[in-house]
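Report on the following structure.
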Amino acid sequence: MKAGFVFLIVVFLSTCVNFIDSKEKNQLYEEKLAGEHSLLAGCVVDKLRSDGRWPMRILQFRNRKYLDVDASEIHAFDTRYLRNIYPAYSPLNPDAVLIYTEPTVETLPYADRTMGNASVYAFALMLKKIDEVTVNATLRGDEYVGTMAWKILQSCANAG
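When we follow the working numbering, the leftmost residue of the sequence shown carries the number 4, and every step to the right adds one.
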């Protein structure tokens with residue numbers, strides 16, 4: 004009886020610990036790359052949007068620019084978990100009416116960036132300016148789609 008009770012407490016505590024950490028995404032990559040942060044971010048978003056692989060089709064991308072810290076950040080949100088996606092517009096629905104618009108760059112102060120959708124994003128790619136020709140790139144999120152995004156970032160950096 005006592006062993007069963009102890010086992011239940013251990014399972015409950017380990018579940019709580021995993022639940023608390025589930026919103027924090029792991030850092031997958033960090034590297035210094037040649038390029039300007041806003042140009043690299045634009046290139047990455049364009050290539051991500053045109054990527055036809057199924058994991059990328061269910062993502063919605065936001066390109067955010069922070070002028071006060073000379074940085075750009077790309078968020079890839081999983082549309083399956085967003086509240087504003089309806090079946091008529093969902094990329095998972097084969098009969099959906101997909102709306103293709105050119106993404107606009109959101110310009111925000113760095114202090115106002117919100118991570119309210121932290122559990123929804125598949126990955127977040129931060130590009131911070133080091134000097135005129137170098138940026139520090141940091142990628143957090145899901146390893147599978149994050150690796151795809153990182154390879155796209157590297158191809159943009161090598162092409163530019």
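For every residue, glycine included, the Cβ atom is placed at its ideal position computed from N, Cα and C.
Its chain contains no residue whose beta carbon lies nearer than 7 Å to that of residue 107 once the 5 sequence neighbours on both sides are disregarded. Counting along the chain, residue 147 sits inside no beta strand (DSSP E); it lies in the alpha helix (DSSP H) bounded by residues 146 to 162. A Cβ-Cβ distance of about 11 Å is found for the pair residue 44 and residue 132, leaving them out of contact under the 8 Å criterion.
DSSP places residue 65 in the uninterrupted beta strand (DSSP E) bounded by 62 to 69. For residue 128, the closest of 65, 61, 162 by C-alpha to C-alpha distance is 65. The C-beta distance from residue 141 to residue 30 rounds to 6 Å, short enough to meet the 8 Å contact threshold. Using a Cβ distance threshold of 8 Å, residue 126 and residue 160 do not count as a contacting pair.
Per DSSP, the unbroken alpha helix (DSSP H) holding residue 50 starts and ends at 40 to 53. In the DSSP assignment, the residues bridged to residue 77 are 66, 128. Residue 40 is positioned such that its CB atom lies no closer than 8 Å to that of residue 136. Residue 80 sits away from residue 48, with the two beta carbons spaced by 8 Å or more. Only residues of its own chain outside the window of five on either side were considered, and among them 36 have a CB closer than 8 Å to the CB of residue 157, listed in chain order. In this structure, the CA atom of residue 155 is about 24 Å from the CA atom of residue 70. Here DSSP, grouped into helix, strand and coil, assigns residue 72 to helix. Residue 163 places its beta carbon 8 Å or farther from that of residue 51. Exclusion of the five residues before and after residue 146 leaves 31 as the residues of its chain whose Cβ lies within less than 7 Å of its Cβ.
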